[in-house]
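To keep things clear, I will list the structure first and then write my remarks on it.
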Amino acid sequence: LAKTTQPISMDSYEGQEVNITCSHNNIATNDYITWYQQFPSQGPRFIIQGYKTKVTNEVASLFIPADRKSSTLSLPRVSLSDTAVYYCLVGGLQGGSQGNLIFGKGTKLSVKP
Amino acid sequence: DAGITQSPRYKITETGRQVTLMCHQTWSHSYMFWYRQDLGHGLRLIYYSAAADITDKGEVPDGYVVSRSKTENFPLTLESATRSQTSVYFCASVGSGTGRTGELFFGEGSRLTVL
């Protein structure tokens, strides 16, 4: 199973770009990399998913190097409302982990005015 | 309304009692999951199910029982609750077919306190 390692916490200021890196050295060929955001007292919410290179959507970008042993979630111009815990999840529903989707400990991002 | 719902949202019980947490999804998603989240900690996978009548253990299955007789329901039972099972429990679901993990949809959570 691909374990993930993320920084426990990060601080930023409004308007800055935030990059959160996740290490997953034993990622399997069939595994995808997915990032989730969680606010207190709520379930996690999907942000972005990728397999390799770069993926961008309306809220974030995901950078994955060729060896896929790490990934970086990039949040452009964060605001106070981006204060949350961010989880990197590595896995796939075919081959690989077959549903054994295990979250890492997450990164608590605090955005200050 | 479409979505994934959990019940009860809040439950207080005593040590040794049986408790069942319900999870219902309306999308006909193949996969369903139960996670627990302890105060200030991350999510830990308890059990998951790839389809009706197919379940498998996750990281922390001891003390829990699941069943999935219908695609839309995935109840989690604590047969004899212990204080260490005090936690917030999240149910999630995701479709399958493309090989991707897809987007996990989480319920609102069930906050369980065992006295």
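Chains as they are written, first to last, in this note's numbering: chain A, 1 to 113; chain B, 114 to 228. Built from N, CA and C at the ideal position, the CB exists for glycine as well.
C-beta neighbour in chain B for residue i, strict 8 Å
i                     : result
residue 27 of chain A : no
residue 63 of chain A : no
residue 87 of chain A : yes
residue 39 of chain A : no
residue 69 of chain A : no
residue 10 of chain A : no
Where the beta strand (DSSP E) containing residue i begins and where it ends
i                      : result
residue 160 of chain B : 156-164
residue 59 of chain A  : Run containing residue 59 of chain A: none; DSSP gives neither H nor E here.
residue 224 of chain B : 223-227
residue 202 of chain B : 200-207
residue 150 of chain B : 144-150
residue 187 of chain B : Segment: none, residue 187 of chain B is in no beta strand (DSSP E) and carries neither H nor E.
residue 27 of chain A  : Segment: none, residue 27 of chain A is in no beta strand (DSSP E) and carries neither H nor E.
residue 81 of chain A  : First-last for residue 81 of chain A: undefined, no H or E at that position.
residue 50 of chain A  : 45-50
residue 41 of chain A  : First-last for residue 41 of chain A: undefined, no H or E at that position.
residue 71 of chain A  : 70-75
Residue-chain proximity (residue i, chain A), Cβ-Cβ < 8 Å
i                      : result
residue 169 of chain B : yes
residue 144 of chain B : yes
residue 203 of chain B : yes
residue 219 of chain B : yes
residue 177 of chain B : no
residue 192 of chain B : no
residue 65 of chain B  : Outside the displayed range of chain B (114 to 228) lies residue 65 of chain B, so it cannot be described from this structure.
residue 212 of chain B : Low confidence applies to residue 212 of chain B: its pLDDT is 47, below 50, so where it sits in the model is not reliable, and the reading given next is rough at best. Yes, residue 212 of chain B lies at the interface with chain A (some Cβ there is under 8 Å from its Cβ).
residue 127 of chain B : no
Contact set between residue i and chain A, taken where Cβ atoms lie within less than 8 Å
i                      : result
residue 185 of chain B : Within 8 Å Cβ-Cβ: nothing; residue 185 of chain B doesn't reach chain A, min ~17 Å.
residue 158 of chain B : 100, 101, 102, 103
Chain A residues whose Cβ lies nearer than 9 Å to that of residue i
i                      : result
residue 222 of chain B : 41, 42, 43
Contact set between residue i and chain A, taken where Cβ atoms lie within less than 7 Å
i                      : result
residue 172 of chain B : 102
Check: residue i C-beta below 7 Å from any heavy atom of the ligand ADP
i                      : result
residue 207 of chain B : This structure lacks the ligand ADP; in fact it carries no ligand of any kind.
Selection of the region 42-59 of chain A by Cβ proximity to chain B, strictly under 9 Å: 42, 43, 44, 45, 46, 49, 51
Residues in the region 99-112 of chain A having any Cβ partner in chain B nearer than 9 Å: 99, 100, 101, 102, 103, 104, 105, 106
Three CB pairs or more closer than 8 Å across the region 21-31 of chain A and the region 118-138 of chain B: no
Three CB pairs or more closer than 8 Å across the region 180-193 of chain B and the region 79-89 of chain A: no
Contact the region 138-147 of chain B vs the region 36-47 of chain A: 3+ CB pairs below 8 Å: no
At least three beta-carbon pairs within less than 8 Å, the region 25-37 of chain A to the region 45-52 of chain A: Result yes; three or more Cβ-Cβ pairs closer than 8 Å.
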